[in-house]
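These notes are about the structure you will find just below.
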Amino acid sequence: MYPRSFDYVAAGSIEEAVGVLASNPGAKVMSGGMSLIPMMKLRLLSPETVVDIGRIGGLDTIEDKGDYISIGALVRHGAVASSALIGEHAKALQQAASWTGDPQVRNRGTLCGALAHADLAADTPAAALALGATMVAQGPGGTREIAAADFFVDSLMSALSPDEILVEARIPKRGGGSAYDKLGRRGGHSDYAVAGVAAWVSVSDGVVADCSIGITGVGTKPTLAVGSMEAMTGQGANGITAAADRALEGVTVLEDLYGSEAYKSHLAKVYTRRALEQAFAAAG
Ligand SMILES: Cc1cc2nc3c(=O)[nH]c(=O)nc-3n(C[C@H](O)[C@H](O)[C@H](O)COP(=O)(O)OP(=O)(O)OC[C@H]3O[C@@H](n4cnc5c(N)ncnc54)[C@H](O)[C@@H]3O)c2cc1C
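According to the numbering used here, the stretch in the sequence shown is residues -5 to 278, in order.
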């Protein structure tokens, strides 16, 4: 199906793009177009104006900023997956990006676009949650920072205002170890997550001093597994099973085409355990 007709603006700067958004309520930003265009073709979304930020220079860099890694708005999944810097400090994100879609999607889709899209089964939001990412949004009044824990509001809804653009994702270099593991909709690691879990842990004297766990695919939005985080803190590797058992505290599990509530609940625990085991081993 063809999308409804729309005005197309190729913005030359973020300021110009924000201006178009602010003066055209209902306008949508396009980065890689990997989700926006299919939604428009299916007529799930029919914006009157599309603001393409894909030609703006200087937004496609991954930079070491000392205590955090800066990932620009136009950094593609493939660049995240192949970055040695991200592999060293944010393994969970590298893994999630490398299992996002197929090579075409990874070569075109952007990390910031996927975070802003906030799909309930997307991979990278779980990693952003576990790694304690900060989102930098730019709107008519300037920039503001949003913690990942506050960013994913509901299915396909982020904390961004309609006239804001996610210009950067910041990943803190917190030490420790992290991992992402998932069951994809087509089995293995391909496609959106039926259940996906990212875990970050820091270990001191054999026990977890701090940890964050992000779950995707099973509930209404990518979310922190607060029960598992509480259970894991202060425990050694033998605490992982108990922590996995609390993976769904505060999560409303959704039954869908890919699994019953019971099946997805089971998967959430299995993948929490697997992600924690890998993160714990990496941190040790
Ligand atoms: C065939 C296929 C398979 C896929 N498989 C997976 C998968 O396995 N796992 C997974 O997680 N995802 C998967 N995806 C989704 C895809 O990875 C992301 O949705 C995509 O990368 C989003 O980035 P984009 O740059 O293409 O965003 P776009 O499509 O350009 O935009 C998506 C949405 O986010 C908004 N947006 C984009 N960029 C910004 C920004 N900088 N600031 C504010 N709003 C913004 C747009 O307005 C739009 O609403 C798949 C997609 C396809 C087409």
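Just so you know, even glycine gets a beta-carbon here, dropped at the ideal spot from N, CA and C. On a predicted model such as this, the values are computed, not experimentally measured, just so you know.
Is any heavy atom of ligand 1 found at a distance shorter than 7 Å from the C-beta of residue i?
i    : result
T227 : no
Y174 : no
V201 : no
T217 : no
T214 : no
I159 : yes
G328 : Lying outside -5 to 278, the shown extent of the chain, residue 328 is not represented and no answer is given.
V99  : yes
L270 : no
V23  : yes
Rank the options by C-alpha distance to the C-alpha of residue i and give the top, closest one.
i     : options                   : result
G244  : A256, A231 and L218       : L218
F286  : V191, G253, E158 and G171 : Residue 286 falls outside the range modelled here, since the chain spans only -5 to 278, and no answer is possible.
M(-5) : L36, I31 and S29          : L36
G169  : S152, A193, P156 and G182 : A193
K59   : A189, A110 and K167       : K167
G51   : V23, K22, A91 and A5      : A5
Y186  : R102, G171, S92 and G230  : S92
E10   : V44, M223 and A73         : V44
S25   : T94, L38, A110 and G81    : A110
A163  : R180, G107 and S155       : G107
I8    : S198, R49, S155 and A273  : R49
D148  : G182, A112, S155 and G228 : A112
Taking Cβ to Cβ, would you say residue i is nearer than 8 Å to residue j?
i    : j    : result
A173 : A276 : yes
I63  : L53  : no
T104 : V69  : yes
S40  : P97  : no
A153 : I165 : no
G253 : V188 : yes
A67  : V161 : yes
T246 : T266 : no
V99  : M28  : yes
Leaving out the 5 sequence neighbours to the left and right, which residues in its chain are closer than 8 Å to residue i when beta-carbon positions are compared?
i    : result
M226 : V195, V202, C205, I207, G233, I234, A237 and L270
P134 : V12, G13, A16 and D157
T137 : V130, A131 and V161
Assuming residue i contacts residue j under a Cβ cut-off of 8 Å, what Cβ separation, rounded to an integer in Å, is found between them?
i    : j    : result
N18  : E42  : 7 Å
S259 : L242 : 6 Å
V12  : D46  : Not quite, the Cβ-Cβ distance comes to about 14 Å (not below 8 Å), so this is no contact.
V212 : L150 : That belief does not hold up - the Cβ atoms of V212 and L150 are roughly 16 Å apart, past 8 Å.
A84  : L125 : 5 Å
A142 : M129 : 7 Å
L15  : A21  : 5 Å
G200 : G230 : 5 Å
By Cβ distance, which residues of its chain are closer than 6 Å to residue i, with the 5 residues on each side in sequence left out?
i    : result
S184 : G178
G221 : R240 and E243
G190 : D117, A120, K176, T210 and G211
T55  : G66
Q89  : Y174
Suppose the cutoff is 7 Å on Cβ atoms and the five residues either side in sequence are ignored; what does the same chain contact list for residue i look like?
i    : result
M34  : P(-3) and S40
N101 : R70 and G72
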